[in-house]
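One structure is given here, and the rest of the page talks about it.
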Amino acid sequence: ILDELMAHNKAVEDIEKIVIYGYCTDICVISNAMVLRAAFPETEIEVLSDCCAGVTPQSHQTALDAMRACQFTII
């Protein structure tokens with residue numbers, strides 16, 4: 061889906077918010093969040109922290125803190 065969104069950026073300019081979640085907060089979620097931010101710099105991006113898990117609880121929290129510092133909304 062991410063490839064489709066990026067390829068059709070013009071078609072999705074009206075997206076107001078993107079919500080992401082998934083396993084491996086510290087690998088997959090944070091990397092996809094950064095790619096989405098690059099593709100949609102003006103779009104609000106929320107991360108559902110209760111629907112994510114990291115390799116360890118500490119790495120999960122560290123990834124959430126890093127995303128918060130990059131202006132993602134952590135819920």
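Each residue of the sequence shown is one higher than the last, beginning at 61 in the working numbering. Glycine included, C-beta positions come from ideal geometry on N, C-alpha and C.
query                                                                                       : result
Candidates Ala99, Val79, Glu76 and Ile87, of which the one nearest Ala126 by Cα             : Ile87
Local conformation of Glu64 per DSSP, three classes                                         : helix
Ile90, DSSP secondary structure in three states                                             : helix
Residue nearest to Gln118 in terms of C-alpha spacing, selected from Thr85, Asp74 and Arg97 : Thr85
Ile80 and Val107 closer than 7 Å at C-beta                                                  : yes
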